[in-house]
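Residue numbers (numbering that gives the first Met the number 0), protein chains in the order written: chain A, 0 to 149; chain B, 0 to 129.
Right, one structure below, let's go through it.
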Amino acid sequence: MDVKASLLSSIEEVLDKMAFMFFDETEPDEIDIDDFAYITEVSINGVISGVLNILVTESTARNIARNLIGIRDEDELYDDTLKDAMQEFTNLLSGRTMTIINPAGPFDMEIPKLVEHAAPPRNGHATLTINGALDDEPFRVVLQYRETSN
Amino acid sequence: MSKTIGLIDDSKVMRSILRKAILMCNYSVSEFIEADNGVDGFQILTGNRGDLDIAFLDLHMPKMSGLEMLKQLKKEGASSIPIVIVSTSADMQTQKTCMDLGAVGFIRKPFTPQDVGSLMVQIIGKAEAV
Chain A
0 MDVKASLLSS IEEVLDKMAF MFFDETEPDE IDIDDFAYIT EVSINGVISG VLNILVTEST
60 ARNIARNLIG IRDEDELYDD TLKDAMQEFT NLLSGRTMTI INPAGPFDME IPKLVEHAAP
120 PRNGHATLTI NGALDDEPFR VVLQYRETSN
Chain B
0 MSKTIGLIDD SKVMRSILRK AILMCNYSVS EFIEADNGVD GFQILTGNRG DLDIAFLDLH
60 MPKMSGLEML KQLKKEGASS IPIVIVSTSA DMQTQKTCMD LGAVGFIRKP FTPQDVGSLM
120 VQIIGKAEAV
């Protein structure tokens with residue numbers, strides 16, 4: 000089971016198909032944690048279980064929301080809409096990751112939420128961090144997971 | 000001829016994405032009838048039975064899930080509207096269950112407008128040139 004390849008593939012596919020954005024993987028030292036304005040979190044349970052966080056800048060969150068929904072640059076983007084869009088983006092990315100890891104298997108996910116901080120390290124879980132750039136803005140996905148018997 | 004389309008999904012953003020995708024495929028839409036939970040969605044599907052040309056249905060919703068709704072529609076013989084399931088779950092068993100309960104199509108998230116358009120052509124025919 001190649002979880003990293005599955006997560007990377009999911010990030011690229013969701014951004015390309017739904018938000019018309021292209022992801023470049025970068026080195027962690029190119030990213031400053033203070034740059035991130037929004038953090039989303041979702042718990043997953045299937046062939047792997049754990050928690051996934053997505054960290055984005057203000058600018059990236061706005062671009063993802065506008066592109067997902069189809070709002071023009073000149074139209075107002077309300078905070079609630081932006082938050083809903085980030086939650087849906089997290090739902091899409093985590094769901095797609097689970098189906099790539101195990102195409103035939105069922106899985107459960109909680110409703111994604113916005114949080115102040117990424118989940119603390121979990122005992123017995125592997126941590127996978129993907130760092131990248133979207134339109135030169137930093138972007139990070141952190142998956143803490145353990146394989147299950149599902 | 001303009002279409003009336005049902006969008007049943009608890010995510011306002013996903014309903015917007017579907018609206019955008021359908022309009023990008025050049026369908027003329029007279030009305031989108033929307034619900035953000037299964038109970039209201041069931042009312043739409045049963046109350047507007049003759050009006051809706053197609054409905055897009057999420058599986059995971061509050062109050063009544065998409066699967067429960069399909070079961071109820073089949074039980075009441077109210078499944079004449081073509082229903083397309085939109086879900087991140089793509090396992091074959093889920094798809095088969097939905098089809099057995101009367102769904103006519105399945106779109107896996109993430110999708111492109113072309114994915115939506117291709118399925119709509121199969122189910123309700125091509126968009127007419129305006």
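Note that CB positions come from ideal geometry on N, CA and C, so glycine has one too.
Note that the coordinates shown come from a computational prediction; the quantities given were computed from them, not determined experimentally.
Rounded distance between the beta-carbons of residue j and residue i, thought under 8 Å
| i | j | result |
| --- | --- | --- |
| I123 (chain B) | I53 (chain B) | 5 Å |
Identity of the residues DSSP links to residue i by a beta bridge
| i | result |
| --- | --- |
| M23 (chain B) | Beta-bridge pairing links M23 (chain B) to no other residue. |
| F22 (chain A) | A:L133 |
| D107 (chain A) | A:N44 |
| R139 (chain A) | A:L54 and A:N130 |
| T3 (chain B) | B:E30 |
| S131 (chain B) | Since the first residue of chain B shown is 0 and the last is 129, residue 131 (chain B) is not available in this structure. |
| L56 (chain B) | B:I7 and B:I84 |
| E146 (chain A) | A:I47 |
| K112 (chain A) | A:E40 |
| A125 (chain A) | A:Y144 |
Euclidean distance between Cα positions of residue i and residue j
| i | j | result |
| --- | --- | --- |
| R139 (chain A) | S5 (chain A) | 15 Å |
| H59 (chain B) | K82 (chain A) | 19 Å |
| L91 (chain A) | A84 (chain A) | 10 Å |
| I68 (chain A) | M119 (chain B) | 20 Å |
| E57 (chain A) | M0 (chain B) | 42 Å |
| F55 (chain B) | I4 (chain B) | 8 Å |
| N25 (chain B) | D114 (chain B) | 14 Å |
| D9 (chain B) | D57 (chain B) | 8 Å |
| S42 (chain A) | R95 (chain A) | 14 Å |
| L137 (chain A) | D34 (chain A) | Rather than Leu, the amino acid found at residue 137 (chain A) in this sequence is Pro. Spanning the two alpha carbons is a distance of roughly 7 Å. |
| L69 (chain B) | I82 (chain B) | 9 Å |
| E30 (chain B) | K2 (chain B) | 7 Å |
| A34 (chain B) | I32 (chain A) | 39 Å |
| D134 (chain A) | E11 (chain A) | 13 Å |
| H124 (chain A) | L142 (chain A) | 9 Å |
| I32 (chain B) | I80 (chain B) | 13 Å |
| M108 (chain A) | D78 (chain A) | 24 Å |
| I16 (chain B) | D28 (chain A) | 35 Å |
| I43 (chain B) | R121 (chain A) | 44 Å |
| E26 (chain A) | L51 (chain B) | 51 Å |
| V28 (chain B) | L100 (chain B) | 27 Å |
| G104 (chain B) | A126 (chain B) | 18 Å |
| K108 (chain B) | S86 (chain B) | 6 Å |
| M154 (chain A) | R71 (chain A) | Residue 154 (chain A) cannot be examined here, being either before or after the span of chain A that is shown, 0 to 149. |
| D15 (chain A) | R14 (chain B) | 19 Å |
| A118 (chain A) | N52 (chain A) | 7 Å |
| K73 (chain B) | S64 (chain B) | 14 Å |
| V38 (chain B) | L66 (chain B) | 12 Å |
| G76 (chain B) | G40 (chain B) | 16 Å |
| Y144 (chain A) | L7 (chain A) | 15 Å |
| G46 (chain B) | L6 (chain B) | 14 Å |
| R71 (chain B) | E115 (chain A) | Just to set this straight, residue 71 (chain B) is Gln in the shown sequence, not Arg. Answer to the nearest angstrom: the Cα atoms are 41 Å apart. |
| N44 (chain A) | T93 (chain B) | 17 Å |
| V50 (chain A) | D90 (chain B) | 21 Å |
| E73 (chain A) | K11 (chain B) | 21 Å |
Same chain only: Cβ atoms within 6 Å of residue i, ignoring 5 sequence neighbours per side
| i | result |
| --- | --- |
| T147 (chain A) | S48 |
| C97 (chain B) | I84 |
| A18 (chain A) | I63, N66 and L67 |
| S9 (chain A) | L92, R95, T96 and I99 |
| K62 (chain B) | N36, G37 and V38 |
Contacting residues, own chain, Cβ-Cβ under 8 Å from residue i (five flanking each side not counted)
| i | result |
| --- | --- |
| V46 (chain A) | M0, M97, I100, N101, G104, F106, E146, T147 and N149 |
| K19 (chain B) | P112 |
| K86 (chain A) | Note that residue 86 (chain A) is Gln in the sequence shown here, rather than Lys. Closer than 8 Å at Cβ, skipping near neighbours: T39, I110, P111, K112 and L113. |
| A36 (chain A) | V55, T56, E57 and A60 |
| K3 (chain A) | L127 and I129 |
| V13 (chain A) | F88, L91, L92 and R95 |
| F110 (chain B) | A20 and V85 |
| Q121 (chain B) | G104 |
| A102 (chain B) | L56, L69, I82, V83 and I84 |
Contacting residues, own chain, Cβ-Cβ under 7 Å from residue i (five flanking each side not counted)
| i | result |
| --- | --- |
| A132 (chain A) | D23, T25 and F138 |
| G116 (chain B) | C24 |
* To do: Give, in chain order, every residue of the segment 21 to 38 of chain B whose Cβ lies closer than 7 Å to some Cβ of chain D.
  => Annotation note: the requested chain D is absent from the structure, which comprises protein chains A and B.
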